[in-house]
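Okay, structure first, notes after.
Numbering (the UniProt record's numbering), first residue to last: 1 to 611.
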């Protein structure tokens, strides 16, 4: 594979710009407040750009386009719900959370319920959610360097993890605010410009969509292609195709007895599937049907490829889809690295303005990935056969001519991809490091620690958390990026969101109720996801982990995306336990509610932490 050196220059430029902004920030970072909440001085436009840069992760920049190509328009639930989640933030969380005036979500948990013990539980879930959300960023880093520089997957994970960890160690929240705002505009540029030029080259979006949905197009190779497959690989064909194996080997056709392949002979196969029992190289001539590429009617079917076989289990496909919607919409309002950014606004009014601007920014961004997914299905169909649709954004610009233009577009998208996972990983690392250094060290272990000691604790926490994320990222290469993100959202929706929603709007919520709901909802969703990761099949053609060996399909679906039952479980637990422990309602709950909801003009706001 030839290295695109222009892409290398673009990636290095993004890295240097990121580090430079972090170094510059060290000159203005002097206090604990600078590190954790940027001294609460960030304006709405800057904060909105920073939040958008942090929120538009590798799942948004790379994952959505690749999943639209792979699974069809069912995937649009991802961008729609990513944006819709901010409506819940705008309506229910943003302004009250800022008026409370803490540094972290665990601060809110302790202050709202007067419980240092509940802080520790909140810290644990901040770390769990942050850890799960770091995994897709690491996957994106590995895939990008693997595609651009032909380096092993692990190199990208290690290099990007090290750079981002260094940047957070240097600048804290104040440093990454500038970095993330810059990276939002870079990502918007890096995805919009290629889309416009690709549409000019390949033709209108509507024509491509019409080919798939009306003419039931079957993707075919546009040139002779040789692909290396591992032993155990399963190939599915939506129409008749043919191939030539490089080596002799064995195959299993649709569960029939094993057959032998002879090196150099041409074999035809009708629509169906076969399994390679030995590693082999298969050569497909131009015009042959691409394996693992669905035809247009299947690709465009509601409740289809993303959620399993809707013809066999239509109810389960719909169940998974609605569970995904619940996870993403409610999970957005429970993501600790997003919530902490509202503490950086000057007041609740600006927090609401920030949220409105964010809705516009991310809504604009999400117009572009689905277009790339449709174009990729028609012009980069070999990615189906390779099982690398996650790389679509990095590969599709290379399909146009002249060569110099494709090289420039590849460099732009590579820079955007790097910015995507760098900005999100930065925010996650600040969130997790803040939980460790502020909530564990500064508020529990050494409450009287000096400002300098707390800053050192933050830097050490960032180093440890970043190292852990890099190690874990080495083991998630087989999972789709958006699948990993959906799991992080499910845990956030099942744990922190119910506590924030009821704690902010229901005065009768007790410490026991909040604690029970967070634990039951958060642990049950986390356990279901871990079991799915360990026992589920990552092969998307069987439902992207929706089938567990020898388990009832309904149970497997509910475990693969648990939000549809774990979120109600958390809410109901909080309501029921609070009813039976209503004597624990704090005596100052009315003053607390007034503080959360009273307009700033009344002068009742008092920051929970003011350092």
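Backbone N, C-alpha and C fix where the C-beta goes; we use that ideal spot for every residue, glycine too. All figures in this text were calculated on a predicted structure; none of them were measured in a lab.
Reducing DSSP to helix, strand and coil, say where residue 399 ends up.
Counting from one through the chain shown, the residue named residue 399 turns up at place 399. If DSSP states are grouped into helix, strand and coil, residue 399 belongs with the helices.
On the CB-based measure, 16 or more other CB atoms within 10 Å of its CB, does residue 427 come out buried or exposed?
For this step, residue 427 is matched to residue 427 along the chain shown. Buried, by the Cβ-count rule.
Please determine, among 132, 494, 5 and 458, the residue with the shortest C-alpha to C-alpha distance to residue 147.
Mapped onto the chain shown, residue 147 falls at position 147. Nearest in C-alpha terms to residue 147, of all of 132, 494, 5 and 458, is 5.
Between residue 68 and residue 339, is the Cβ-Cβ spacing less than 7 angstroms?
For the purposes of this step, residue 68 is taken as the residue at position 68 of the chain shown. For the purposes of this step, residue 339 is taken as the residue at position 339 of the chain shown. No, Cβ-Cβ distance for residue 68 and residue 339 is not below 7 angstroms.
Excluding the 5 residues flanking residue 596 on each side, which residues of the same chain have their C-beta closer than 7 angstroms to its C-beta?
If you number the chain shown from 1, residue 596 lands on position 596. For residue 596, the CB contacts under 7 angstroms within the same chain, skipping 5 residues up- and downstream, are 96, 99, 100 and 504 in chain order.
How many Å lie between residue 449 and residue 461 at the Cα?
Your numbering for residue 449 matches position 449 in the chain shown. Your numbering for residue 461 matches position 461 in the chain shown. Roughly 15 angstroms between the two C-alpha positions.
Given a threshold of 16 other Cβ atoms within 10 Å of its Cβ, counted over all protein chains shown, does residue 520 qualify as buried or as exposed?
For the purposes of this step, residue 520 is taken as the residue at position 520 of the chain shown. Under this definition residue 520 is a buried residue.
Using only CA atoms, which one of 193, 583 and 586 lies nearest to residue 411?
Taking the chain shown and counting its residues from 1, the one referred to as residue 411 is at position 411. For residue 411, the closest alpha carbon among the candidates 193, 583 and 586 is that of 193.
Helix, strand or coil: how does DSSP classify residue 423 here?
Translated into positions along the chain shown, residue 423 becomes position 423. Of the three classes helix, strand and coil, the one that applies to residue 423 here is helix, per DSSP.
If you follow the beta strand (DSSP E) that residue 524 is part of, which residue opens it and which one closes it?
Position 524 of the chain shown, counting from 1, holds the residue named residue 524. Careful: residue 524 lies outside any beta strand (DSSP E), inside the alpha helix (DSSP H) at 511-535.
Assign residue 403 to one of two classes, buried (16 or more other C-beta atoms within 10 Å of its C-beta) or exposed (fewer than that).
Here the question's residue 403 lines up with position 403 in the chain shown. Under this definition residue 403 is an exposed residue.
Tell me where the beta strand (DSSP E) around residue 228 begins and ends.
Within the chain shown, the letter at position 228 stands for residue 228. Per DSSP, residue 228 belongs to the beta strand (DSSP E) from 225-229.
Since I believe residue 375 is in contact with residue 202 (beta carbons under 8 angstroms), could you give me their beta-carbon distance rounded to a whole number of angstroms?
Position 202 of the chain shown, counted from the first residue, corresponds to residue 202. Position 375 of the chain shown, counted from the first residue, corresponds to residue 375. Yes, residue 202 and residue 375 are in contact; Cβ-Cβ is about 6 angstroms, under 8 angstroms.
Could you tell me the distance, in whole angstroms, from the CA atom of residue 530 to the CA atom of residue 523?
Taking the first residue of the chain shown as position 1, residue 530 is located at position 530. Taking the first residue of the chain shown as position 1, residue 523 is located at position 523. Rounded to the nearest angstrom, the two C-alpha atoms are 10 angstroms apart.
Can you tell me whether residue 258 is buried or exposed? The criterion is at least 16 other CB atoms within 10 Å of its CB, across all chains shown.
In the chain shown, residue 258 corresponds to position 258, counting from 1. Residue 258 should be labelled exposed.
Short of 8 angstroms in beta carbon distance, which residues of its chain neighbour residue 540, apart from the five on each side in sequence? Order them along the chain.
Residue mapping note: residue 540 aligns to position 540 of the chain shown, counting from 1. Residue confidence is low: residue 540 scores 38 on pLDDT, short of 50, so the model does not pin down where it sits. Its coordinate-derived value is still stated next. Excluding positions up to five away in sequence, the list reads 70, 71, 305 and 480.
Let me confirm a value: residue 549 is counted as buried when at least 16 other C-beta atoms fall within 10 Å, else exposed. Which label applies?
Residue 549 sits at position 549 when you count from the first residue of the chain shown. With a pLDDT of only 48 at residue 549, under the threshold of 50, the placement of this residue in the model should not be trusted, and no figure is reported.
Going by C-alpha to C-alpha distance, which of 431, 385 and 3 sits closest to residue 151?
Your numbering for residue 151 matches position 151 in the chain shown. Ranking the options by Cα distance to residue 151, first place goes to 3.
Mapping the DSSP letters down to three states, classify residue 273 as helix, strand or coil.
Here residue 273 is taken as the residue at index 273 of the chain shown, counted from 1. In the structure shown, residue 273 sits in a strand (DSSP, three-state: E or B).
Specify, as a first and last residue, the run of the alpha helix (DSSP H) that residue 123 falls within.
Along the chain shown, one-based indexing puts residue 123 at 123. That run of the alpha helix (DSSP H) goes 116-149.
Assign residue 545 to one of two classes, buried (16 or more other C-beta atoms within 10 Å of its C-beta) or exposed (fewer than that).
For the purposes of this step, residue 545 is taken as the residue at position 545 of the chain shown. Note that residue 545 scores 42 on pLDDT, short of 50, meaning its location in the model is unreliable and no value can be drawn from it.
In this structure, how does DSSP classify residue 220 when only helix, strand and coil are distinguished?
The residue given as residue 220 occupies position 220 in the chain shown. Note: residue 220 maps to strand in three-state DSSP.
Contact check, residue 125 vs residue 495 under 8 angstroms by CB: the rounded distance?
Within the chain shown, the letter at position 125 stands for residue 125. Within the chain shown, the letter at position 495 stands for residue 495. That belief holds up - the Cβ atoms of residue 125 and residue 495 are roughly 5 angstroms apart, short of 8 angstroms.
Shortest alpha-carbon distance to residue 199 belongs to which of 399, 456 and 435?
Taking the chain shown and counting its residues from 1, one reaches residue 199 at position 199. Residue 199 has its Cα closest to that of 399, out of 399, 456 and 435.
Mind checking residue 332: buried by the 16 CB within 10 Å criterion, or exposed?
The residue labelled residue 332 in the question sits at position 332 within the chain shown. It is buried - the Cβ of residue 332 has at least 16 other Cβ atoms within 10 Å.
Rounded to whole angstroms, what is the Cα-Cα separation between residue 265 and residue 225?
If you number the chain shown from 1, residue 265 lands on position 265. If you number the chain shown from 1, residue 225 lands on position 225. Using only the alpha carbons, I get a separation of about 16 angstroms.
With a threshold of 8 angstroms on Cβ separation, who are the neighbours of residue 232 within its own chain once the five nearest residues in sequence on each side are excluded?
The count along the chain shown starts at 1 and reaches residue 232 at position 232. Correct list, in chain order: 275, 276 and 277.
I need the straight-line Cα distance from residue 407 to residue 401, nearest angstrom please.
Position 407 of the chain shown, counted from the start, is the residue given in the question as residue 407. Position 401 of the chain shown, counted from the start, is the residue given in the question as residue 401. Spanning the alpha carbons of residue 407 and residue 401 requires a straight line of approximately 9 angstroms.
What is the rounded straight-line gap between the Cα of residue 7 and the Cα of residue 285?
To locate residue 7, count along the chain shown from 1; it is residue 7. To locate residue 285, count along the chain shown from 1; it is residue 285. Between residue 7 and residue 285, the C-alpha separation is close to 30 angstroms.
Could you check whether residue 513 and residue 570 sit closer than 7 angstroms to each other, using their CB atoms as the reference points?
Taking the first residue of the chain shown as 1, we reach residue 570 at position 570. Taking the first residue of the chain shown as 1, we reach residue 513 at position 513. No. Outside cutoff.
In or out: residue 437 buried (at least 16 other Cβ within 10 Å) or exposed?
Sequence index remark: in the chain shown, residue 437 carries index 437 (1-based). So residue 437 counts as buried.
CB-CB under 8 angstroms to residue 51, same chain, minus the five flanking residues each way: which ones, in chain order?
The sequence position of residue 51 within the chain shown is 51, counting from 1. Within the same chain, residue 51 has close Cβ partners 180, 338, 341, 354 and 358.
Using only the alpha-carbon positions, how far apart do residue 185 and residue 267 sit?
What you label residue 185 is simply residue 185 of the chain shown in a count that begins at 1. What you label residue 267 is simply residue 267 of the chain shown in a count that begins at 1. Spanning the two alpha carbons is a distance of roughly 50 angstroms.
Helix, strand or coil, according to DSSP, for residue 291 in the structure here?
Taking the first residue of the chain shown as position 1, residue 291 is located at position 291. Coil at residue 291, not helix or strand.
How would you write the range of the alpha helix (DSSP H) that residue 44 sits in, first residue to last?
By one-based count along the chain shown, residue 44 stands at place 44. 44-55 is the extent of the alpha helix (DSSP H) around residue 44.
Verify whether the separation of the beta carbon atoms of residue 139 and residue 476 is less than 7 angstroms.
As a first step, residue 139 is located in the chain shown; it is residue number 139 there, counting from the start. As a first step, residue 476 is located in the chain shown; it is residue number 476 there, counting from the start. In contact: residue 139 and residue 476 (Cβ atoms closer than 7 angstroms).
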